[in-house]
């Protein structure tokens, strides 16, 4: 994520804010570029609050008004803490195109920007800290439902290549919660959930956190329900020009985290990967032949 001003202050105050101020605060946290660029009224419209609410938020944070908040974000842009370069360049290119090509360019360009947005020292540090806990865990429970299921499955699959520690809570027959009851503080839970948050994921995560199971949250906001109970918060952008939120950044982050965990496994992980390769070769898992026909 970009290093936006006042983020730590907003997160610390978030739980104590009234509902409307929470909406405004989350908008500021999740859209630092817009805070620097858009008018207060437009930001309020997008946050689904009144302009007065934006002003009250600034005052709650110890500022005279929203102009002071906006100025802080504008200064961060000037200092390079928040960058518009990639976004502006992509916009110029997209405007040259029309129709389906324009939408495809916008979708792919948005995905590339999201990945770039995560390449910050803060994200790297959070990934490293999460990998340390996961590397020491006896079992790594992996949870993701609905659109987040594929991310959790992918993470668990990569773990299975070099370790027996991964346990996918896939909910077959409605049994998601059954296996998590065996988890202790020696284990860890990696839970994936983005807005709109799946209730069952939150309930299982709360169950685990209440029993001192370290929770690593892959989620879309510093103040999402999952982030607020997590030991480690890994934030992924999900905004998309499409009708559906994007999960591509979550996949990238999950892959990165799994690789870091593998790296901490040392020789044991390498030996497990050798066995995986040998088994796949024995069962001829992958095809190495090209089709004998050409498509018409």
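Numbering (the UniProt record's numbering), first residue to last: 1 to 296. Virtual Cβ for every residue (Gly too), placed ideally from N, Cα, C. Here the structure is a predicted model, which means the values were calculated and not measured.
- Within the UniProt domain "HTH rpiR-type" (4-80), the complete alpha helix (DSSP H) runs of at least 4 residues fall at 7-14, 19-30, 32-37, 40-47, 51-60, 66-79.
- Secondary structure note for residue 232: it is in no alpha helix (DSSP H), and the uninterrupted beta strand (DSSP E) holding it is 232-235.
- Around the C-beta of residue 222, 16 or more other C-beta atoms lie within 10 Å, and the residue is accordingly described as buried.
- Within the same chain, and ignoring the five residues on either side of residue 254 in sequence, the residues whose Cβ sits closer than 7 Å to its Cβ are 151, 154, 155, 218.
- Note that the C-beta distance between residue 106 and residue 241 is below 7 Å.
- DSSP places residue 198 in no alpha helix (DSSP H); its state is neither H nor E.
- In the assembly as shown, residue 65 is an exposed residue. Its beta-carbon has fewer than 16 other beta-carbons within 10 Å.
- The residues 65, 66, 68, 69, in chain order, have a CB closer than 7 Å to that of residue 58 in the same chain once the five nearest residues on each side in sequence are set aside.
- Secondary structure of residue 252 (DSSP, three-state): helix.
- Between residue 144 and the set 62, 196, 15, 275, the nearest pair of CA atoms involves 196.
- The shortest C-alpha to C-alpha distance from residue 76 to any of 280, 50, 34, 238 is the one to 34.
- Under the three-state reduction of DSSP, residue 169 is assigned to coil, being neither helix nor strand.
- Between residue 256 and residue 111 the beta-carbon gap is near 16 Å, outside 8 Å, which marks them as no contact.
- Using a Cβ distance threshold of 7 Å, residue 115 and residue 258 do not count as a contacting pair.
- Of the candidates 146, 194, 199, 216, 216 places its Cα closest to the Cα of residue 140.
- Under DSSP, residue 216 takes part in a beta bridge, and its partners are 190, 232.
- Counting along the chain, the unbroken beta strand (DSSP E) around residue 144 starts and ends at 140-144.
- A check of alpha carbon separations from residue 236 across 11, 167, 268, 118 identifies 118 as the nearest.
- The beta carbon of residue 14 lies closer than 7 Å to those of 22, 25, 223 in the same chain, with the five residues before and after it left out.
- Between the stretch 224-235 and the stretch 198-207 there are three or more inter-stretch CB-CB distances shorter than 8 Å, so the stretches are counted as touching.
- Note that the stretch 160-170 touches the stretch 123-142; at least 3 beta-carbon pairs, one per stretch, sit closer than 8 Å.
- Spatial neighbours of residue 9 in its own chain (CB-CB distance under 7 Å, excluding positions within 5 residues in sequence) are listed in chain order as 61.
- Here residue 121 carries a helix assignment [DSSP, helix/strand/coil].
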